[in-house]
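Right, one structure below, let's go through it.
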Amino acid sequence: MKVRLLFLLLNVAFMQHEKFFSTADDSIVYKGQLIRDVLWDYKGHGSVIGMSNWPQKFSTCGGKSQSPINIEFSKVVKNRKLELKFGNYYTPLVRPWIENIGHTVAVSSQDFKKHWITGNVVNNATYYFHDFHFHWGVNSAVGSEHKINGRGTVLELHLVHYNSKYATIEDSVNKTDGLVVLGVLYKTVSTQ
Numbered sequence: 000m001k002v003r004l005l006f007l008l009l010n011v012a013f014m015q016h017e018k019f020f021s022t023a024d025d026s027i028v029y030k031g032q033l034i035r036d037v038l039w040d041y042k043g044h045g046s047v048i049g050m051s052n053w054p055q056k057f058s059t060c061g062g063k064s065q066s067p068i069n070i071e072f073s074k075v076v077k078n079r080k081l082e083l084k085f086g087n088y089y090t091p092l093v094r095p096w097i098e099n100i101g102h103t104v105a106v107s108s109q110d111f112k113k114h115w116i117t118g119n120v121v122n123n124a125t126y127y128f129h130d131f132h133f134h135w136g137v138n139s140a141v142g143s144e145h146k147i148n149g150r151g152t153v154l155e156l157h158l159v160h161y162n163s164k165y166a167t168i169e170d171s172v173n174k175t176d177g178l179v180v181l182g183v184l185y186k187t188v189s190t191q
């Protein structure tokens, strides 16, 4: 089997919830499963809270601009005027590092301002690349954070960018225009 790109998902969700970064509390971890001593996941089971209960524990969750999302093809409206431009994406990262962040692997580099995106889909602002990380699961139907027509995929890649008007990603995280995360969903296909 090989993995083939299924769908490029532009998640301009301008993340505002506590899942991403915080320095206010040592029990909050970057993109982790433990936030303020609360175990969470997307479905919920036992003492682990699911997505439908996130707003009860985290007041900034449950909004309309929040991840994860389910894309229903029957409701998608095509707009050929939308554009997204990539700057220097064919240029390799300078001295990238790989980090185990507990539930996935993240790759980053010190040359944050070298790679960027812009275009009318992001209000013509420039967003600098910060890192990429993965979401995967135990089988080919589970793993991606987002879904298409209610179905997950084996793997999802997130390319995290922050708005250039902020000095750092930490400064941008709680801003409504602070982050743009590009999601790429993969699926397994038979090579036979």
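Quick note on numbering that gives the first Met the number 0: the sequence shown kicks off at 0 and runs consecutively. Using N, Cα and C, we set each Cβ at its ideal position, and we do this for glycine too.
Quiz item: Can you pull the DSSP bridge partners for Glu144?
Solution: Within the sequence shown, residue 144 is the residue found at index 145, counting from 1. None; Glu144 has no bridge partner.
Exercise. Assign Asn99 to one of three DSSP states: helix, strand, or coil.
Key: Translated into the one-based positions of the sequence shown, residue 99 becomes position 100. Three-state result, Asn99: strand.
Quiz item: Out of curiosity, what's the CA-to-CA distance linking Leu178 and Pro54?
Solution: Along the sequence shown, one-based indexing puts residue 178 at 179. Along the sequence shown, one-based indexing puts residue 54 at 55. Going by the C-alpha atoms only, they are around 21 Å apart.
Quiz prompt | Ser46 burial status per 10 Å Cβ neighbour count (16 or more: buried) | solution = Taking the first residue of the sequence shown as 1, we reach residue 46 at position 47. Ser46 is exposed by the Cβ-count criterion.
Self-check item: Cutoff 7 Å; reference His152; Cβ partners in own chain excluding five residues on either side
Solution: Taking the first residue of the sequence shown as position 1, residue 152 is located at position 153. Looking at the sequence provided, one finds Thr at residue 152 rather than His. Cβ neighbours of Thr152 beyond the five flanking positions: Leu5, Gly142, Ser143, Leu184, Tyr185 and Lys186.
Practice problem: Per DSSP, which residues does Glu155 bridge with? Please list them. | Solution: The sequence position of residue 155 within the sequence shown is 156, counting from 1. According to DSSP, which records beta bridges pairwise, Glu155 is partnered with His134 and Leu184.
Quiz prompt | Which of helix, strand or coil DSSP assigns to Val179 | solution = Taking the sequence shown and counting its residues from 1, one reaches residue 179 at position 180. Three-state result, Val179: strand.
Practice problem: Could you tell me how far apart the beta carbons of Val159 and His129 are, in whole angstroms, since I believe they sit closer than 8 Å? | Solution: Looking up residue 159 in the sequence shown gives position 160. Looking up residue 129 in the sequence shown gives position 130. Contact holds; Cβ gap of about 5 Å.
Quiz item: Expressed to the nearest angstrom, what Euclidean distance is found between the alpha-carbon atoms of Asn122 and His102?
Solution: Here the question's residue 122 lines up with position 123 in the sequence shown. Here the question's residue 102 lines up with position 103 in the sequence shown. Spanning the two alpha carbons is a distance of roughly 33 Å.
Exercise. State whether the region 106-117 contacts the region 79-86, with contact taken as three or more CB pairs (one from each stretch) at a distance under 8 Å.
Key: yes
Exercise. Just the C-alpha distance for Ile147 and Lys80, rounded to the nearest angstrom, thanks.
Key: Within the sequence shown, numbered from 1, the residue matching residue 147 stands at position 148. Within the sequence shown, numbered from 1, the residue matching residue 80 stands at position 81. Spanning the two alpha carbons is a distance of roughly 23 Å.
Practice problem: Report the rounded CA-to-CA distance for Asn52 versus Asp110, giving the unit in angstroms. | Solution: Here the question's residue 52 lines up with position 53 in the sequence shown. Here the question's residue 110 lines up with position 111 in the sequence shown. Spanning the two alpha carbons is a distance of roughly 38 Å.
Quiz item: Per DSSP, Gly61 is paired with what?
Solution: Position 62 of the sequence shown, counting from 1, holds the residue named residue 61. Note: Gly61 sits in no beta bridge, so no partner.
Quiz prompt | Option in Lys42, Thr167 and Phe72 with minimal Cα separation from Tyr127 | solution = Residue 127 sits at position 128 when you count from the first residue of the sequence shown. The shortest C-alpha separation from Tyr127 is found at Thr167.
Quiz item: If you follow the beta strand (DSSP E) that Lys84 is part of, which residue opens it and which one closes it?
Solution: Residue numbering aside, residue 84 sits at position 85 when the sequence shown is read from its first letter. Its beta strand (DSSP E) spans residues Lys84 to Gly86.
Quiz item: Comparing alpha-carbon positions, which option in Asn162, Asn138, Glu169 and Tyr161 lies nearest Leu154?
Solution: Residue numbering aside, residue 154 sits at position 155 when the sequence shown is read from its first letter. Checked all of Asn162, Asn138, Glu169 and Tyr161; the closest Cα to Leu154 is Asn138.
Practice problem: Please name the residue, chosen from Ile97, Val75, Lys164 and His145, that lies closest to His132 on a Cα-to-Cα basis. | Solution: Along the sequence shown, read from residue 1 onward, the residue named residue 132 stands at position 133. Taking only the C-alpha atoms, the option nearest His132 is Ile97.
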